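First comes the structure, then the notes that go with it.
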Amino acid sequence: MTRLTVVLGERRYDVVRPWGQLPEGLLLSGVSHVAVDSADRLYIYQRSDPPIVILDRDGHYVGARGQGLLADAHGMYIDGADRLFVIDRDRHQLHVLDGSGVVALTLGDPEHPHLQAPFNHPADVAVARNGDFYVADGYGNSRVHRFSPDGTLLSSWGNPGRGPGEFTTPHGVWEDARGRILVADRENDRVQLFSAIGEYLTEWRDFFHPMDIWADPEGLVYITDQIPRLSLVALDGTLMGRCRPALYGGHGIWGDSIGDLYLAEAAPMDRVTKLVRL
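Sequential numbering from 3 applies to the sequence shown in this note's numbering.
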């Protein structure tokens, strides 16, 4: 197989696609997101059964989660305790699963989506260092919701539009190293930055339909968009590098403890692309 290599700033990666070995008869379909736990196991979130497929860092199948629970995979987050936060977009719900896959918390009503209030086709979730978590309520609403660790709604912000603090499909969310909340405002071609309580701070542009956001331990921010490409951005907004590692873009992105990156490459490819850091 022909070797592909990409560069992001001073970082170089081998591109491995598709990555991972699945049991006979298990095919990925509707791949939406990826996340990595404390043991560097990769969780693949897909719109078919089983909705969550787990591989070890060498790509071997470990197990599955969420059978019979999740209907429409979208965003996903794994926190420091290996709790799995998953967004079920068209059922208007967020579920929190413990390390063994048991549901510890569910928010949202699948039969009663809400205008403005949580949720109306949510897109993504991220957990802050203080335990609060943020949901980008992105397809039916144009809002971000902040919850306490026990799931109490603390605040919400955003309305439809193109101005500061307004959204057209808030698609990805992340807390950066400065405690700011980054939101991929997809159809407005920008990433907006807010304080922890939703105060508008600034925005980063020069993205085409940004999809997802992940930051590494050094604080550098990785942003996928629909060019398709992957951008590396410093905390002050300086663009450090760009590449095109996935043919149809990364609907979700995450990295592991040694600096490798994983991209959820959605339809028509339905696969995971791994960037092995050189």
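For each residue, glycine too, the CB sits at the ideal point set by N, CA and C. Small disclaimer: the values here were computed from a predicted structure and weren't measured.
Kindly identify the DSSP beta-bridge partner or partners of residue i.
i, result
"T275", "L265"
"N161", "E168"
"E205", "Q194"
"F149", "F135 and L155"
Can you give me the C-alpha to C-alpha distance between residue i and residue j, rounded to a whole angstrom?
i, j, result
"C245", "L232", "5 Å"
"E113", "R93", "8 Å"
"R192", "V175", "12 Å"
"S50", "P162", "31 Å"
"D74", "G243", "33 Å"
"H173", "L28", "28 Å"
"E220", "Y63", "30 Å"
"R188", "A106", "30 Å"
"A268", "T4", "22 Å"
"L277", "D16", "6 Å"
"A138", "F196", "13 Å"
Go ahead and pull the three-state DSSP assignment for residue i.
i, result
"R5", "coil"
"R246", "coil"
"E26", "coil"
"R1", "Nothing about residue 1 can be reported from this structure: the residues present for the chain run from 3 to 280 only."
"R85", "coil"
"E189", "helix"
"R180", "coil"
"T108", "strand"
"S34", "strand"
"G257", "strand"
"S233", "strand"
Our contact map puts residue i next to residue j with C-beta atoms below 8 Å; I'd like the distance itself, whole angstroms only.
i, j, result
"I89", "V127", "6 Å"
Does the structure place the region 109 to 129 close enough to the region 64 to 72 that three or more beta carbon pairs sit under 8 Å? no
Taking contact to mean at least 3 C-beta pairs separated by less than 8 Å, is the region 146 to 161 in contact with the region 74 to 92? no
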